[in-house]
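Some notes on the structure that comes next.
Number of protein chains: 2
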Amino acid sequence: MISNQYSFGDFTLPGESGYEELTLELAKKWGADVIRDSDGTHLSDAITSAGYGIYSTICIIRQHNAFALEHPDAQQHTFLISDPVLARTDTVTIEPLRGYFEEQFEIDAAENSLKYWQVYDRTQNEPIPRERWTYENGTVTVRGCKKWHLYTVSFMCRRIWEEINMYNHTTNNWTSEHLRQLDPTHPLAWEYLQKWLKDWCEQNPATTVVRFTSLFYNFVWIFGSSMRNRSRFVDWGSYDFTVSPAMLDAFEQEYGYALCAEDFVNGGKLRVSHMPPTPRKRDYMRFVSRFVAQKARALVDIVHSYGKKAYVFYDDSWVGMEPYGEYFTTIGFDGIIKCIFSGFECRLCAGVDVPTHEIRLHPYLFPVGLGGLPTFSEGGHPERDALLYWKNARRALLRQKIDRIGLGGYLHLTQGYPAFNDAIERIACEFRRIKQLHTEGAPYTLPCRVGVLHSYGKLRSWTLSGHFHETYMHTLIHINEALSGLPVDVRFISFEDAENGDLTGSFDVIINAGRAGDAWSGADAWKSGRLIERITEFVYNGGTFIGVNEPSAADGFDTFFRLAHILGIDEDRGDRVSHGRWQFETVQDPPFSVCPVPRVNESLYLTDGRACVLFENGGVPQMTLNSFGEGYGIYLSSFENTPESARMLLEILLFAAKCDKLWISDDARAEAAYFPNSKTAIVVNNSEESVSTCVKTPEGTLKVSLAPLETKEIKL
Amino acid sequence: MISNQYSFGDFTLPGESGYEELTLELAKKWGADVIRDSDGTHLSDAITSAGYGIYSTICIIRQHNAFALEHPDAQQHTFLISDPVLARTDTVTIEPLRGYFEEQFEIDAAENSLKYWQVYDRTQNEPIPRERWTYENGTVTVRGCKKWHLYTVSFMCRRIWEEINMYNHTTNNWTSEHLRQLDPTHPLAWEYLQKWLKDWCEQNPATTVVRFTSLFYNFVWIFGSSMRNRSRFVDWGSYDFTVSPAMLDAFEQEYGYALCAEDFVNGGKLRVSHMPPTPRKRDYMRFVSRFVAQKARALVDIVHSYGKKAYVFYDDSWVGMEPYGEYFTTIGFDGIIKCIFSGFECRLCAGVDVPTHEIRLHPYLFPVGLGGLPTFSEGGHPERDALLYWKNARRALLRQKIDRIGLGGYLHLTQGYPAFNDAIERIACEFRRIKQLHTEGAPYTLPCRVGVLHSYGKLRSWTLSGHFHETYMHTLIHINEALSGLPVDVRFISFEDAENGDLTGSFDVIINAGRAGDAWSGADAWKSGRLIERITEFVYNGGTFIGVNEPSAADGFDTFFRLAHILGIDEDRGDRVSHGRWQFETVQDPPFSVCPVPRVNESLYLTDGRACVLFENGGVPQMTLNSFGEGYGIYLSSFENTPESARMLLEILLFAAKCDKLWISDDARAEAAYFPNSKTAIVVNNSEESVSTCVKTPEGTLKVSLAPLETKEIKL
C-alpha cells in the first residue's frame, strides 16, 4: 500500500463547464494541479480563475472552414487508386472515385495534380503512357488497352472532411458542419494559420499550456462508399495524407528525383507501416518530418512568445512528427502527452527527449469505452477498468519516469461512480510515489542490454503503429509490451545500426520478431551479407540472438532464416518437403521457464540436429536453444504477452546475459523494482488474485504478500 | 454382386518355389493366366512348365558387383552438398562427406568430376573461384574466406550401394553383399549390360515377359550418417541420381551450355519435384529422358529378338522414363505395370500409351504392410486391406480400362488366410467384369471437360511424386484422387499449354491447386501476362476456374492470387494487414453441396465484396463462388479427399459445366458408372456400411441397395 501522503500535483483534470463545483471537488480529491478542456468543451471563468494551470486544446489545421472554402487548393490531399477494371475491348473507362466515400474525397484534376496521376496495366504491371489516357468529368478513358488485362487509375484528390471529425460524425451521428483541414504547404494557409494562432493566444490569456492535437497531417484513414467495407484502410503510422502537389514538387526539388503515385498506392496495397519502407519512402518520411518540424517550430515560437508552454498530444494529426526522429527536438515542445492503454506506450512517452512526459490514462470519461463496452453507463465498471489499465502502465512506470498523469472526457459522468473516483485517487498517489523514487535515483536494472532489431530502429521505438489492440496480431508488440516492465536495458536498433555499430560492445541480446517480409522481421534487409556477418560475430563472441516468428527471413538463400546457423532451426517454404527431419527429444530441464507457444508453425525443422528443443507440437520443434560459439540462438515460433510469458522472456534474457536473478519475485504475477538511492522496493501484483511471493535481494529473500492488483512499498 | 462367371484370365500370380502345389491351387482359384517371380525368388520348373505365361523380373543395372568393382567409374553418381561451415579465420576446411552415409557414397575427385565441384559462400550467395580452394584426402580447403561467412562444397560422388538394396538391408537387417549399380553412360558398362541381357534371355526360355524393374536410375534417396536423420532426402520424381560427369558432358555438348552442381544441390534444398523445375532442369530432364529411351529401346529390342515381351514395372529405377513424356512410346514396351494404393495410380497407368496396362494390387504378400502394421501376421486383416485398396482402385477402373491385375510377394504367407484368398477371388471377378464392359464400349461420361493446370502438365498426369501416403500433404493429390473416379473428362495441362492452347474450345473447368511457389500452384509461371489473359478470357466466356490453396499465386503484383479478379478472393501477405475487410453473410442455399474445409487460411479477404461466401471460419471466407462474365471463379482454401468432398467436387464441376446429374447416386458413399453399349450400370459402395441410394437415369430413378463395399451390376 502506498501512503496517501502523495496527494497533490502532476495531475491534469478535464474540467467541465456547468459542473464547476464537481470540477473543483475532484481536482482536490485527485490532487490536480492543472485543468484542461476537452474536444467540444470550453472552460468557464469559475474554473480558469481557480488557481490551476490551464491546458487548452488546439487542432491547428481544423476549424477553418470559411478559409478552406475560399481556398480549396489549400486543403489537404492524398493519392487514391481506383479498383481494377477489366478491358473487354481496347478502350477502358474508369471512374476513379467509385467505391470511395464521396464525402471524404474530391478529385483534384488540376494540371499540377494531374501530372502525378498514373494509369497502370496491372496484368502486365506497367504504367500506361500519358498520351494513351484522358480525364474528363470524373472518368478516365484509356485507349490501346490489351483485351482481358486489368487497369487502374492512381489519382490525386482533395480530402474534404477532417478524418477525426468524420469518424465522430459517422460513429456518433453528429450532425454539425463537416470540418475541413488546411495544408501548411499552401503559402496563404500557412500565413493564415500563424495569424490564427497569434489571435488565439491573445484571446486566451488564462491558458498556461497550449496542447496541440497534434500538428498537421492525420494518420491515414480511407473510407469506402459501402457500409459493408467502410474503413477501407487505416494506418496510424503511414504518410499518405501528407501528400500534395506542393509537397511532391518540393521533394523533387530537394532530392533530385520525383515520387509517383505508385510510391504511395502500391497497386492498392498502399505502404502500411508494418511493411518495410522503401528507400524512396524513407526519403519522403525524412523530408516530410523536416517540413513538419520547421512549421511546428514556428508555431511553438508563437506560443512561447505569449509566455505559454507548448505541449503536443501525440495522436491523430501526428504524422511527420516522429518523437524519436532527428527533427523532433528542433520543434521545442515543452511536453509530450500520450494517451495510453499499455506499458509500451508509457515507455514510448518516457523516452522522448522533451522536458515533460505526461500520460493520459484510460478509461476516458465517456459513456462507452473501447469496442463499444459500457464504461460510465449501465453495466460499466470504470473503477476496474482504471485499475487494469493502471496495472499495464505501472510496471512500465517503475522502469522509467513519467512526469504527469491525467484523464480525458466529461467529468460529470463520474457522478454515481465513487469507486472510480477512489481508484483514481489511489492511482494518483501511487504514481506520485513512483515518480518521486525516480527523482531520487534510477531503479536497479539488471546488467542485460537488449537490442530490438527492426526496419525502423530507434525511429519507431516501442511502438509499431498505434495501440496494442490495433497491432495485437504482430508478435513484436507483445514482446515490446513484455519488455516495457522488465528490469533490463532496452533499445531499438535498425539494420543499419546493426551493420555499422559495435553490437558486442553494446548489447547482450538482440531480438528480431516478425513475419517474413514485414518491417519487424526485416525482409530484404537480411539479404545483406554484412548484416549476417555482424550478428554472427556478435553471437559467436557470446551474445544471444532471440528470433520469434520468422526472424531474419529472406528468399533466395540456402536457408529461409538467414540466421538459421545461429538458431539451429529454419522454416521449410515448400522446397524441403522431401527432406528428412531430425528426430529429437524435448529437453526436460530447460535453463529457463518455458511456456507453450500460442501459435504453431508446422513448417519448422532443425537444420543440423544440434539445437535443444524446448517445446514441440506434433513432432515439430516450436522453441529451441542452440549454442553457437560462446553465445546462443534462441527461437520461439510465437509469443503472446502474459505474466507467464513475460517472465519466460525475462528468464531467457537473464540466461543469455548470465545475470543473477536479483529483485525478481518468484511468482510471475508479481514484479519488483528496487530504487537503491531511496533504499526502497516497490512490489506490484499484476493479477486480480492475492499473491504471496519471495523476492531475492542481495541481503536475502523478502517475503511479500499482495492483495489483488496491489502496489506495495517496502523500505529496506 | 458380380457373377463369378468372370473367373479366368488377366491375373498375374507371384509363384513361389517350394510351394508348387499352393501356387497352382491359387492360380486356379484366382484365375491366373500368368505366374511371376519376385525379388529374391526363382520359379521352379514345376511352375514354369505348367502352361502359364511367365513373367521374370530384371533390375538391369543391379547385381553386377564384379564388373562394378573392376570398373568403379562405371558406377552411378550424384551431387551432394556439404553442410555449411563457418569461417572463423580466412581459411576454412570442409569434409564434404561428413553427415552422409558412407556406405552409400564415395567421393569422386577425378579430374572430370572435380570440374563440376563448386565451393560457395552461402552468406554472400556466390561461388568461390576455383583457384581459391583445393581438395586433398577427403578435405576441401578454402582460402581468402570472409570471416563469419558460411561455406559449402558441392561435390560429385559415386553411389556405391543400390538404394533399394540399401533400404532392404537397413530396414530388414539383410546381411548379404551390398549391390552396386552400373551407369549405362559408361561405354564398357553399356556393352556389358547388353551382353548380359542377351545371355539372360538365352538362359530363360520359359519366360514369356521380361519385367524390367525399372530401367537405370533410381529415384533420389540420400541417407545420412546419423540414425536421428537417416533419410536426409527422398524424392520419387527428381533426377539427381542420373547425374554423372559423362551425362553432364554430353548435355553440354548437345545444349551448348554446362550445368553446374548448384543446378542440382540448390544450396542444400535440392530440386524437389514439388517445386517448379527451372528451365535448366527442364532441359536436363528432357535430355536424360531421351538418353534413357534410346538405351531402353536397345534393351527392348534384345528382349523382342528372343520372342519375349518387355513390360516395365514403373517404380524404383524409373527416373528418365516418363510414361507421359515425348520419348516413352519410342521404347516399345509391350506393357506397363504399376503398383497401386489409390485411384489416381490406376488412372496414371491406364492413360499410358502402351498395349497392356497392369496394376499390382495391395496388400503385397508380406508379413508387415505399409507403416509397419501387420498384414499376413498376427493382428493382420489382409482381406479387409485388400477390399479397401480395391475400393480405391475400383472407382478409377470404372472410368478407364486396366488390362490386367496381379499380386506381389510370397505366396505361402496366404496360408491360414482363406478370407483373403476369397477376397482376391471376388476382386478378380469384379475386375474382369469391369474390363469386359470397357471392351464392349466406353462408360457414359458427363459433358464436363476438366483441365488440371500445373507446372508439369501432361508429363506428370495424375501423379505428383510417388504414392498418396508420400504426397498427402499436397492438396492436388487429394483432388486427383477424387477426380480419378468421377464421371468427367480429365486432362493435365501445363502453363505453356494454357498460354498457347484453345482453352474455351477444350475445357469447361480449369483447376489449379497448390501452395504459393510450388509446382502445383505454378509460382513464377503466373507472372506471365499472357497466361492471365488466356484464363481471364476463358472464364469471361463461360468457363470456370477452380482455385485451391494458393492458386495463381505470385509476388510482385497488385494481388497475390493473380486470378483474384476471377475468384473475388485473395490472400493478404502482410501488406494488407491494415486494410478493411468486406463484411459478408454466408450463402444459405449454395448451388452445390458444401463441405467444411479441412484446413483454414486466416489471411484470406474478399477483393471487391462481390463473391458469395459458401464457407467461412472465424469471419474469414474459406470457400467462395464468384461470377465473372459468363463464367465462375470458385475458391477453396483446402481440400481433403473423402466421399463427401469428392461428391462436392463433382457437384461443383457439374454446376460449372451446367450438366444434368445423370448416373449419379444421391448418396455420396455410392458411385455409379453406366456402360451404354452393354446397357449395364455398375454401382459401388465405397463405404463399410450398407447403403440404399437412388441413381438418376434418363428413364427414371434407380433404387439400389448395397452391402458394405459391394459392387453391383444392374442390367437395364
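Chains as they are written, first to last, in the numbering used here: chain D, 7 to 722; chain U, 7 to 722.
Even glycine gets a Cβ: it sits at the ideal position worked out from N, Cα and C.
Alpha-carbon to alpha-carbon, U:R164 and U:T181: To locate residue 181 of chain U, count along the second sequence from 1; it is residue 175. To locate residue 164 of chain U, count along the second sequence from 1; it is residue 158. Rounded to whole angstroms, U:T181 to U:R164 spans 22 angstroms at the Cα level.
I believe U:L419 touches U:L367 by the beta-carbon criterion, under 8 angstroms. Please report the beta-carbon distance rounded to the nearest angstrom. Here residue 419 of chain U corresponds to residue number 413 of the second sequence, with the count starting at 1. Here residue 367 of chain U corresponds to residue number 361 of the second sequence, with the count starting at 1. No, U:L419 and U:L367 are not in contact; Cβ-Cβ is about 15 angstroms, not under 8 angstroms.
Should D:A82 and D:Y173 be called a contact, given that it needs their Cβ atoms to be closer than 9 angstroms? If you number the first sequence from 1, residue 82 of chain D lands on position 76. If you number the first sequence from 1, residue 173 of chain D lands on position 167. A small correction: the amino acid at residue 82 of chain D is Gln; Ala does not occupy that position in the sequence shown. No, these two residues do not count as a Cβ contact at 9 angstroms.
For D:M162, is the classification buried or exposed, using 16 other Cβ atoms within 10 angstroms of its Cβ as the cut-off for buried? Here the question's residue 162 of chain D lines up with position 156 in the first sequence. Within 10 angstroms of the beta-carbon of D:M162 lie 16 or more other beta-carbons, which makes it buried.
Should D:L482 and D:V554 be called a contact, given that it needs their Cβ atoms to be closer than 9 angstroms? Position 476 of the first sequence, counted from the first residue, corresponds to residue 482 of chain D. Position 548 of the first sequence, counted from the first residue, corresponds to residue 554 of chain D. Yes, the pair counts as a contact, with Cβ atoms nearer than the cut-off.
contact_flag[the segment 287–299 of chain U, the segment 256–265 of chain U] where n(CB pairs < 8 angstroms) is 3 or more: yes
Which of the three DSSP states, helix, strand or coil, is assigned to U:F319? Indexing the second sequence from 1 puts residue 319 of chain U at position 313. Residue state, collapsed to three classes: strand.
Between D:N131 and D:G273, is the Cβ-Cβ spacing less than 9 angstroms? Within the first sequence, numbered from 1, the residue matching residue 131 of chain D stands at position 125. Within the first sequence, numbered from 1, the residue matching residue 273 of chain D stands at position 267. Yes. Within cutoff.
How is the alpha helix (DSSP H) around D:P285 delimited, first residue to last? The residue given as residue 285 of chain D occupies position 279 in the first sequence. Element bounds for D:P285: 285–311.
Once DSSP output is grouped into helix, strand and coil, what is the label at U:D679? Numbered from its first residue, the second sequence carries residue 679 of chain U at position 673. The identity of residue 679 of chain U in the sequence shown is Ala, whereas the question assumes Asp. Strand, per DSSP.
Please specify which runs of the beta strand (DSSP E), each continuous and at least 3 residues long, are wholly inside the segment 564–609 of chain U, giving them in chain order. You should have 575–577.
Are the CB atoms of D:T99 and D:T147 within a distance shorter than 9 angstroms? By 1-based counting over the first sequence, the position of residue 147 of chain D is 141. By 1-based counting over the first sequence, the position of residue 99 of chain D is 93. Cβ distance < 9 angstroms, so D:T147 and D:T99 count as in contact.
Kindly say whether U:M291, judged by its beta-carbon, lies nearer than 9 angstroms to any beta-carbon of chain D. Translated into the one-based positions of the second sequence, residue 291 of chain U becomes position 285. False, the Cβ-Cβ gap to chain D never drops below 9 angstroms.
What three-state label does DSSP hand D:D530 in the structure shown? Taking the first sequence and counting its residues from 1, one reaches residue 530 of chain D at position 524. Helix, per DSSP.
Quick check: what's the CA-CA separation for U:L459 versus U:F501? Here residue 459 of chain U corresponds to residue number 453 of the second sequence, with the count starting at 1. Here residue 501 of chain U corresponds to residue number 495 of the second sequence, with the count starting at 1. Their backbone Cα atoms lie some 7 angstroms apart in a straight line.
Taking 8 angstroms as the cut-off, is the C-beta of U:T145 nearer than that to any heavy atom in the ligand ADP? Of ligands this structure carries none, so the ligand ADP is not represented either.
Can you tell me the Cα-Cα spacing of D:I552 and D:F661, whole angstroms? For the purposes of this step, residue 552 of chain D is taken as the residue at position 546 of the first sequence. For the purposes of this step, residue 661 of chain D is taken as the residue at position 655 of the first sequence. Distance between the alpha carbons of D:I552 and D:F661 is about 12 angstroms.
Residue nearest to D:K718 in terms of C-alpha spacing, selected from D:K702, D:A302, D:N691: The sequence position of residue 718 of chain D within the first sequence is 712, counting from 1. The residue with the shortest Cα to Cα distance from D:K718 is D:N691.
Closest Cα partner of D:G580 within the set U:E543, U:A529, U:K533, U:D595: Against the first sequence, residue 580 of chain D aligns to sequence position 574. When each option's Cα is compared against that of D:G580, the closest is U:A529.
Taking only three categories from DSSP, how would you classify D:Q187? Taking the first residue of the first sequence as position 1, residue 187 of chain D is located at position 181. Three-state result, D:Q187: strand.
Hey, is U:P90's beta-carbon within less than 9 angstroms of any beta-carbon in chain D? Residue numbering aside, residue 90 of chain U sits at position 84 when the second sequence is read from its first letter. Closer than 9 angstroms to some Cβ of chain D, the Cβ of U:P90 qualifies, so yes.
Is it buried or exposed, U:E487, if we count other Cβ atoms within 10 angstroms and call 16 or more buried? Along the second sequence, read from residue 1 onward, the residue named residue 487 of chain U stands at position 481. U:E487 should be labelled buried.
Can you tell me where the alpha helix (DSSP H) with U:C1 in it begins and where it stops? Residue numbering for chain U in the displayed model covers 7 to 722; residue 1 of chain U lies beyond these limits and cannot be assessed.
Under 8 angstroms, with one C-beta from each stretch per pair, do the segment 343–355 of chain D and the segment 316–329 of chain D reach the 3-pair mark? yes
Which of the three DSSP states, helix, strand or coil, is assigned to D:C266? Position 260 of the first sequence, counted from the first residue, corresponds to residue 266 of chain D. Coil.
Which residue wins for smallest C-alpha separation from D:D127, given the options D:L403, D:D289, D:C151, D:A56? The residue you call residue 127 of chain D lines up with position 121 of the first sequence. When each option's Cα is compared against that of D:D127, the closest is D:C151.
U:T592 vs U:L620 beta-carbon contact at 9 angstroms: The residue labelled residue 592 of chain U in the question sits at position 586 within the second sequence. The residue labelled residue 620 of chain U in the question sits at position 614 within the second sequence. The answer is yes: Cβ separation under 9 angstroms.
Please tell me whether U:T284 has its Cβ less than 9 angstroms away from any Cβ of chain D. Translated into positions along the second sequence, residue 284 of chain U becomes position 278. Closer than 9 angstroms: no.
What whole-angstrom Cβ distance do U:T542 and U:I572 have, given they're in contact under 8 angstroms? Working through the second sequence from its first residue, we reach residue 542 of chain U at position 536. Working through the second sequence from its first residue, we reach residue 572 of chain U at position 566. Yes, they are in contact, since the Cβ atoms of U:T542 and U:I572 sit about 7 angstroms apart, within 8 angstroms.
With 9 angstroms as the C-beta to C-beta threshold (strictly closer), list the residues of the segment 543–558 of chain U near chain D in chain order. E543, Y546
Would you report the Cα separation of U:W526 and U:I670, rounded to the nearest angstrom? Here the question's residue 526 of chain U lines up with position 520 in the second sequence. Here the question's residue 670 of chain U lines up with position 664 in the second sequence. Distance between the alpha carbons of U:W526 and U:I670 is about 29 angstroms.
Which full runs of the beta strand (DSSP E) of 3+ residues lie inside the segment 31–89 of chain U, going along the chain? 40–42, 59–64, 83–87
Taking the alpha-carbon of U:L125 as reference, which of U:P361, U:S119, U:P133 has the nearest alpha-carbon? In the second sequence, the residue the question calls residue 125 of chain U occupies position 119. The residue you asked about is not Leu; residue 125 of chain U is Val in the sequence shown. Ranking U:P361, U:S119, U:P133 by Cα distance to U:V125 puts U:P133 first.
Neighbour flag for D:I538 against chain U, beta carbons, 9 angstroms: Numbered from its first residue, the first sequence carries residue 538 of chain D at position 532. Chain U, which has a Cβ nearer than 9 angstroms to the Cβ of D:I538, makes this yes.
How would you call D:A713, buried or exposed, if buried means at least 16 neighbouring beta carbons within 10 angstroms? Here the question's residue 713 of chain D lines up with position 707 in the first sequence. So D:A713 counts as exposed.
Which chain U residues sit within Cβ distance under 7 angstroms of D:L156? Reading the first sequence from its first residue, position 150 is the one you call residue 156 of chain D. Correct list: H571.
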